[in-house]
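What follows is a short report on a single structure.
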Amino acid sequence: MKMNNNPINWYPGHMAKTKRLIKENINMIDIIYELIDARIPYSSKIQDMEDILSMKPRLLMMTKSDLCDMSVTKKWISYYESLGYQVVLLDLTGKLPMKEIMDKTHLLLSGWSEKREQRGLKKRKIRALVVGVPNVGKSTFINRFVGKKAVNVGNKPGVTKTLDWIRMNDEVELLDSPGILWPKFTDQTIALNLSGLTAIKEEVLPIYEVISHIILSLYHYYPNLLKERYGIEEIDEEDDLIPVLDLIGKKRGCMMRGGEIDYDRVMALILQDVKDGKIKGITFDRYVDKTGNTQ
505 MKMNNNPINW YPGHMAKTKR LIKENINMID IIYELIDARI PYSSKIQDME
555 DILSMKPRLL MMTKSDLCDM SVTKKWISYY ESLGYQVVLL DLTGKLPMKE
605 IMDKTHLLLS GWSEKREQRG LKKRKIRALV VGVPNVGKST FINRFVGKKA
655 VNVGNKPGVT KTLDWIRMND EVELLDSPGI LWPKFTDQTI ALNLSGLTAI
705 KEEVLPIYEV ISHIILSLYH YYPNLLKERY GIEEIDEEDD LIPVLDLIGK
755 KRGCMMRGGE IDYDRVMALI LQDVKDGKIK GITFDRYVDK TGNTQ
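Residue 583 in our numbering is what sits at position 79 of the sequence shown, and the numbering runs on without skipping anything.
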């Protein structure tokens with residue numbers, strides 16, 4: 505099946521404003537908590553703010569670890585650790601590993617603390633900027649971190665619109681930021697990964713292409729999940745996926761009058777299954793080692 509390979513443009517005004525505000529306030533920040541989705545640990549990593557974000561120590565947090573394929577995600581953890589990152593896995597449905605987060609925060613800021621002491625400066629709260637792509641779980645992370653409902657949470661991109669300070673305790677205060685993407689996606693797979701896992705609003709990319717990407721990714725990497733969830737065992741990749749949608753529609757009762765398949769309902773159902781975490785144990789970004797082998 506042929507996909508549209510034209511660059512994808514999606515850049516709401518508030519994202520450009522967010523980048524400007526982060527740049528203006530970066531000197532106030534001590535550490536960056538960068539959140540990425542453990543199911544797409546490459547696609548969900550912010551790609552065009554490295555010049556700004558690299559100015560500060562960064563703790564990389566992989567959210568939604570309860571939904572990822574841990575065997576693949578662990579390869580990405582090793583990769584990022586080889587680049588010098590401290591990495592923490594987060595299951596946002598439960599309690600955060602606060603000790604690990606704070607231990608790694610203090611490790612990254614050990615030089616900062618010593619410099620302040622040497623200069624005779626008073627001890628103050630650590631200022632952490634929380635960044636990530638839309639719907640990666642920033643607001644849920646902050647609410648778990650603070651221990652109360654501090655910010656709005658929504659299972660859709662674009663809930664947070666401004667930079668907001670959240671004071672937690674005597675040790676840390678967080679600066680929340682809206683989800684950030686980059687102006688143009690030249691890599692179609694990254695765009696489809698982000699759209700399929702709800703970081704890009706559904707109306708930006710053709711829904712058929714997004715659903716096709718989800719189904720084919722499951723077929724290539726997790727055929728057992730595709731069979732268990734939708735009863736699909738074989739796919740003709742040279743053809744379109746209408747026969748696959750027909751089978752899913754019949755199995756799940758997505759029918760219109762006259763017995764025709766309601767394709768809009770079928771595609772919405774698949775996207776909702778991913779969004780709601782009903783399809784678990786998946787990591788769509790595949791790690792390619794130094795020999796060129798895909799892991």
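Heads up, the beta-carbon is just placed ideally off N, CA and C, and yes, glycines get one too.
Quick caveat, the model's predicted, so the values are computed rather than measured.
In the DSSP assignment, residue 540 falls within the beta strand (DSSP E) that extends over 535–541. For residue 649, DSSP records no beta bridge to any residue.
The criterion of a C-beta distance shorter than 8 Å is not satisfied by residue 530 and residue 574. Under the 8 Å Cβ criterion, the stretch 544–554 counts as touching the stretch 692–699, having at least three qualifying pairs.
Between the stretch 625–632 and the stretch 575–584, the count of Cβ pairs shorter than 8 Å is below three; the stretches do not touch.
With a cutoff of 8 Å on beta-carbon distance, residue 766 and residue 785 are scored as not near each other.
Non-local C-beta neighbours of residue 670 in its own chain, meaning closer than 8 Å and more than five positions away in sequence, comprise 646, 650, 654, 655, 677, 678, 679, 680, ordered along the chain.
With a 10 Å radius around the Cβ and a threshold of 16 neighbouring Cβ atoms, residue 728 comes out exposed. C-alpha of residue 535 to C-alpha of residue 563: approximately 8 Å in a straight line.
In this structure, DSSP gives residue 690 a state outside helix and strand, which the three-state scheme calls coil.
Per DSSP, the beta bridge partners of residue 563 are 537, 590. Residue burial is scored here from C-beta neighbours: residue 724 has fewer than 16 other C-beta atoms within 10 angstroms and is therefore classed as exposed.
Cα atoms of residue 701 and residue 734: separation of roughly 18 Å, rounded to the nearest angstrom. Excluding sequence positions up to five before and after residue 751, its CB lies within less than 8 Å of the CB of 734, 735, 736, all in the same chain and listed in chain order. Taking the CA atoms as reference points, residue 721 sits about 33 Å from residue 604. 576 is the residue among 555, 576, 673 whose C-alpha sits nearest the C-alpha of residue 793. A distance below 8 Å separates the beta carbons of residue 638 and residue 685. According to DSSP, residue pairing for residue 680 in a beta bridge involves 634, 668. Around the beta carbon of residue 690, fewer than 16 other beta carbons sit within 10 angstroms, so the residue counts as exposed. Assigned with DSSP and collapsed to three states, residue 770 falls in helix. Contact annotation: residue 542 and residue 566 have beta-carbon atoms nearer than 8 Å. With respect to the C-alpha of residue 756, the residue from 634, 616, 772 having the closest C-alpha is 772. For residue 765, the beta-bridge partners assigned by DSSP are 759.
Within the same chain, and ignoring the five residues on either side of residue 759 in sequence, the residues whose Cβ sits closer than 8 Å to its Cβ are 753, 765, 766. Per DSSP, the continuous alpha helix (DSSP H) segment holding residue 725 begins and ends at 711–725.
Counted as a single uninterrupted DSSP element, the alpha helix (DSSP H) harbouring residue 604 occupies residues 602–612. Rounded to the nearest angstrom, the gap between the Cα atoms of residue 704 and residue 762 is 35 Å. Residue 792 sits in a strand when the DSSP states are folded into three classes.
Beyond the five residues adjoining it in sequence on each side, residue 556 comes within less than 8 Å, by CB distance, of 523, 526, 527, 530 in the same chain, given in chain order. Relative to the Cα of residue 783, the nearest Cα in the group 596, 748, 718 belongs to 718.
For residue 596, the CB contacts under 7 Å within the same chain, skipping 5 residues up- and downstream, are 567, 568, 641, 644, 645, 648 in chain order.
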